[in-house]
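Please read the structure below before turning to the comments.
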Amino acid sequence: MKHFYLYFFLLISAFYNSQELDTISRSNLQGSVSMQFGKFLGTNDYLKELKHRDFIGMSAELTTQTDGSQEWHRRFGRPYYGGGIIAFDYLKNSEMGKPFAVYGTFGGVIKETPTHSWSYETSGGFAFNWTPYDLKKEYVNQTFGSSVSIYFNLGANYKYYLGKHLDLGLGLNFNHFSNGALKLPNKGMNTFSPKLSLTYHFDERQFAPHDSLSAFDKYSTLDVNVFGGIRHSIFYGKDPGFQDFDVDMIRKFEGKYYQNWGIETVYHRQVTYKSSLGLGVGLMYDEDYNHKFYQDENGVIQSTKRFQRNQVLLNVFPSYRLSISKFAIQIQPGFYIFKKEIDRRYDKTIFYQRVGFQYTVGKNLLIGIGLRSFKFHKADYIEWRLGYRIFNKKNT
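Numbering (full-length UniProt numbering) for the sequence shown: 1 to 396.
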């Protein structure tokens, strides 16, 4: 886990330092406090058996409201952006731990009048202080195998303007927690809840200008990225000649950590101001794919190489990119070409899904993070990404 904290620190530092290179207006600083009261869903056998699934969340945010002076401000509903911290209390399920999350947030207006507005919000960060699955301590909640998880939030809000500085908000939120398979088990948790908020504008509230949207130049980009990550893998099921009770569960969940790294290039063509479509190709080394678990003659779980020579994986992927100034969200379903399926217990499908976040530092340097998954809901591993934009060319 020390590698995780190191990567996290470097990524946050890079994002923070890169802000000096951005030209986004910092006007209209605002602070918010909010409370959620809702339920978490029964997404695994342990959670389904719980009689009470209530939780309370308390958060505080400091954000900047953009002033509408730039084109992307108007395209995204004069958005606000910033950061916050949220703490959760699972009430009668205190064995979950006392998690708190540190996150970045981004939201904007859908519709606004002089007295109220409808808005959207999204947040993403890392949650800490979960009580992880640990058979040695007789803690059998398989929701999380580690004390750290990813935190992701989507929400919609109605805000009533109490004055020039104060907003009262009522919204609906969806929260998702997962550790990205950094440590198994990783069943994850989803929650739904109403949200009550109070926002204070340090300057008087600003309203979006009603200027019409201007025309824009379309561009094509070609990026090259390198990435790396760590996956936790465990033994599944039982081997022929053994029974379920022959599996050492403690040794099983100790598992092994394997490296994943590779290089990719992706071409995007802008189709609207916000959206680009593209195609990419990559080559990666998957250490987990090159190894397997087995039970030896005494039933002890062991691991060994699957191939005499290490295999690399070729993959191709269509790509959708949503651009918000220098920040981008990427959705990339992909396919592993020539991948061998040797054991269904361990071999992921040839079709994978990836969601990533990318920030452009200066003109050409790219930093980001992505989550690769399969079967649309099973996390494979977290990618830490560094890239370079070879060209940003105007389409003619």
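Virtual Cβ for every residue (Gly too), placed ideally from N, Cα, C.
With contacts defined by Cβ atoms closer than 7 Å, residue 132 and residue 149 do not form a contacting pair. Under the three-state reduction of DSSP, residue 46 is assigned to helix. With a 10 Å radius around the Cβ and a threshold of 16 neighbouring Cβ atoms, residue 283 comes out exposed. Contact between the stretch 194-210 and the stretch 161-172 is present: three or more C-beta pairs spanning the two stretches fall below 8 Å. Going by DSSP, residue 216 is part of no alpha helix (DSSP H) at all; its letter is neither H nor E.
Within the stretch 122-160, no complete alpha helix (DSSP H) segment of 4 residues or longer occurs.
Of all alpha-carbon atoms in 29, 79, 69 and 103, the one lying nearest the alpha-carbon of residue 59 is that of 103.
Residue 58: member of the beta strand (DSSP E) spanning 54-65, first to last residue. Of the residues assessed, residue 69 falls on the exposed side of the cut-off, its CB having fewer than 16 other CB atoms within 10 angstroms. Pairing residue 134 with residue 247, the inter-Cα distance amounts to about 16 Å. Residue 232 and residue 270 have their C-alpha atoms some 37 Å from each other. A distance below 8 Å between beta-carbons, with the five flanking residues on each side excluded, links residue 261 to the following residues of its chain, in chain order: 226, 227, 228, 229, 284 and 285. As summarised for the stretch 220-287, the continuous beta strand (DSSP E) elements at least 3 residues long and confined to that stretch are 256-270 and 275-286, given in chain order. The Cβ neighbour count for residue 304, taken over all protein chains shown within 10 Å, is under 16; the residue is labelled exposed.
Only residues of its own chain outside the window of five on either side were considered, and among them 31 and 82 have a CB closer than 6 Å to the CB of residue 62, listed in chain order. The residue from 307, 321, 373 and 92 with its alpha-carbon nearest to that of residue 341 is 307.
Setting aside the 5 residues that flank it on each side, residue 160 is surrounded in the same chain by 116 and 168, each with a C-beta closer than 6 Å to its C-beta; the list follows chain order. The three-state reading of DSSP puts residue 341 in coil, since its state is none of H, G, I, E or B.
As a beta-bridge residue in DSSP terms, residue 330 pairs with 321 and 356. Around the beta carbon of residue 189, 16 or more other beta carbons sit within 10 angstroms, so the residue counts as buried.
Contact annotation: residue 369 and residue 357 have beta-carbon atoms nearer than 7 Å.
Nearest to residue 55 by alpha-carbon distance, out of 88, 141 and 352, is 88. Cβ atoms of residue 275 and residue 322 come within 8 Å of each other, at about 6 Å. Rounded to the nearest whole angstrom, the C-alpha separation of residue 313 and residue 145 is 28 Å. Under the 10 Å beta carbon count, residue 119 is surrounded by 16 or more other beta carbons and is classified as buried. Separation of residue 265 and residue 350 (C-alpha to C-alpha, rounded to the nearest whole angstrom) is 19 Å. Spatial neighbours of residue 332 in its own chain (CB-CB distance under 6 Å, excluding positions within 5 residues in sequence) are listed in chain order as 317, 319 and 354.
Counted as a single uninterrupted DSSP element, the beta strand (DSSP E) harbouring residue 112 occupies residues 97-112.
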